[in-house]
Amino acid sequence: TDSVSLSKNDCYTSNIEDKASKIISECMRRNVINSAYTNMLTKSHKYNIMADKPNINGLEEMKQISRQNLTNLRESLFKLSNKEMAFLDSVLSAKLRATHASDTALVNENNIVTINAKKNLANKEVPLPVRNITSRDITHPVDDEFISFLLEPGAGGKKTINSSGAYIYSFDIKQPAFEQTSYMRLHHSSDIMKADPKQYIRGLSKEAYALLQKRDFNEDGLIFFGNDMRPG
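Just so we're aligned, residue 1 is where the sequence shown starts under the UniProt record's numbering, counting upward by one.
Pasting the structure below:
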């Protein structure tokens, strides 16, 4: 297992217990999420090309994929116009929230939200609503150790209705629980989006419209982990 140590300066701070708690929490998250990423990369229908590498470190592999994708993205955006740079700056400065829909009230008496992945629900024999199960889920079971969120720009949650559940929960992604464990797959949106982009984005050029209508994205190139999610 990886080791984590406190610095000498940490030992003399008044919030040593808080620092230790954060380190322990990070180690626990790392161990749990590494197992989930390893299973995803070696067993899922999309990533089973790594099935011949049973000893891979799933978390490190995911970070490497993300770093390479971000490098490729920066290289492709090397020369931007002033207008494009201004738009990029506004995107990078926007707050992002992760929203999750459920038919169940997930906040307990201590005001703590507990969300279970599909695998945990199956282990507890909790039935899933039929509307949450698509033919794609049945044909290609993937990532059932993960919990799905939708990214939404802005300071507060604007989504008030969702086909996946009656309750909408919204969280700021700038916190350790997301930065240390989460990844974003943009191809999910590009693959399932059926609506005409012109209905939602004003002033689209013909070039931008054609790009948004494309369906031949390199799915591996649209994955970003942790702090790479925002620039990605």
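Even for Gly, the Cβ is constructed at its ideal location relative to N, Cα and C.
How many angstroms separate the CA atom of V4 from the CA atom of M62?
On the sequence shown, residue 4 is found 4 positions in, with the first residue counted as 1. On the sequence shown, residue 62 is found 62 positions in, with the first residue counted as 1. Residue placement at V4 is poorly supported in this model, since its pLDDT is 38, which falls under 50; the coordinates still yield a value, given next. C-alpha separation (whole angstroms): 21 angstroms.
- Task: Give me the Cα-Cα distance between S148 and H100, rounded to the nearest whole angstrom.
- Result: Within the sequence shown, residue 148 is the residue found at index 148, counting from 1. Within the sequence shown, residue 100 is the residue found at index 100, counting from 1. Rounded to whole angstroms, S148 to H100 spans 7 angstroms at the Cα level.
- [ ] May I ask you to report which of helix, strand or coil DSSP gives P153?
- [x] Counted from its first residue, the sequence shown places residue 153 at position 153. In this structure, P153 counts as strand in the three-state DSSP scheme.
Starting from the Cα of M28, find the closest Cα among G226, Q180 and L211 and give me that residue.
-> Locating residue 28 in the sequence shown gives position 28, counting from the first residue. Ranking the options by Cα distance to M28, first place goes to Q180.
Q.
Suppose the cutoff is 6 angstroms on Cβ atoms and the five residues either side in sequence are ignored; what does the same chain contact list for L186 look like?
A. In the sequence shown, residue 186 corresponds to position 186, counting from 1. These residues qualify, in order along the chain: L222.
TODO: Count the C-beta pairs between the segment 79-98 and the segment 170-180 that are closer than 8 angstroms, then say yes if the count reaches three, no if not.
DONE: yes
Residues bridged to D220 (per DSSP): Stepping through the sequence shown from its first residue, residue 220 is reached at position 220. None, per the DSSP bridge assignment.
> Between the C-alpha atoms of M40 and L204, what's the straight-line distance to the nearest angstrom?
Replying inline: What you label residue 40 is simply residue 40 of the sequence shown in a count that begins at 1. What you label residue 204 is simply residue 204 of the sequence shown in a count that begins at 1. When rounded, the distance between both Cα atoms is 37 angstroms.
Check L88 in the structure and name its three-state DSSP category.
-> In the sequence shown, the residue the question calls residue 88 occupies position 88. The answer is helix: DSSP assigns L88 an H, G or I state.
Discussion item. Whole angstroms are fine: how far does the CA of L106 sit from the CA of S66?
Written reply: Here residue 66 refers to the residue found at position 66 of the sequence shown. Here residue 106 refers to the residue found at position 106 of the sequence shown. Whole-angstrom Cα-Cα distance: 31 angstroms.
Identify whether D191 lies in helix, strand or coil by the three-state DSSP scheme. Taking the first residue of the sequence shown as 1, we reach residue 191 at position 191. Only weak support exists for where D191 lies, its pLDDT of 49 falling under 50; the value from the coordinates is given anyway. The answer is helix: DSSP assigns D191 an H, G or I state.
Nearest residue (CA-CA) to M229, options S182, F78 and L211 = In the sequence shown, the residue the question calls residue 229 occupies position 229. The option with the nearest alpha carbon to M229 is S182.
Between which two residues does the beta strand (DSSP E) containing I168 stretch?
Here residue 168 refers to the residue found at position 168 when the sequence shown is read from its first residue. Element bounds for I168: Y167 to D172.
inquiry  = Starting from A98, trace the beta strand (DSSP E) in both directions and tell me its first and last residue.
reply    = By one-based count along the sequence shown, residue 98 stands at place 98. Where A98 is concerned, the enclosing beta strand (DSSP E) stretches over L96 to S102.
Using three-state DSSP, classify F78 as helix, strand or coil.
-> As a position in the sequence shown, residue 78 is number 78, starting the count at 1. DSSP places F78 in coil when its eight states are reduced to three.
**Asked** Are M184 and L151 close, meaning C-beta to C-beta below 8 angstroms?
**Response** On the sequence shown, position 184 is the one that residue 184 refers to. On the sequence shown, position 151 is the one that residue 151 refers to. Result yes, Cβ atoms of M184 and L151 sit closer than 8 angstroms.
- Message: Tell me the rounded alpha-carbon separation between N82 and I56.
- Response: Translated into positions along the sequence shown, residue 82 becomes position 82. Translated into positions along the sequence shown, residue 56 becomes position 56. Spanning the two alpha carbons is a distance of roughly 43 angstroms.
key: Which listed residue (E60, G232, L211 and D89) has its alpha carbon closest to that of I33   = Along the sequence shown, one-based indexing puts residue 33 at 33. Measuring from the Cα of I33, the nearest candidate turns out to be E60.
Kindly identify the DSSP beta-bridge partner or partners of R67. Position 67 of the sequence shown, counted from the start, is the residue given in the question as residue 67. Per DSSP, none; premise fails for R67.
Exercise for review: Count the other C-beta atoms from every protein chain shown that fall within 10 angstroms of the C-beta of G154, then say buried if there are 16 or more, exposed otherwise.
Suggested key: In the sequence shown, the residue the question calls residue 154 occupies position 154. Answer is exposed; the Cβ neighbour count stays below 16.
**Message:** Give me the residue from T71, E75 and N31 with the minimum Cα distance to G58.
**Reply:** By one-based count along the sequence shown, residue 58 stands at place 58. It is N31 whose Cα lies nearest to the Cα of G58.
Using the Cα positions of E26 and E145, report the straight-line distance between them to the nearest angstrom. The residue given as residue 26 occupies position 26 in the sequence shown. The residue given as residue 145 occupies position 145 in the sequence shown. Approximately 18 angstroms, taken between the alpha carbons.
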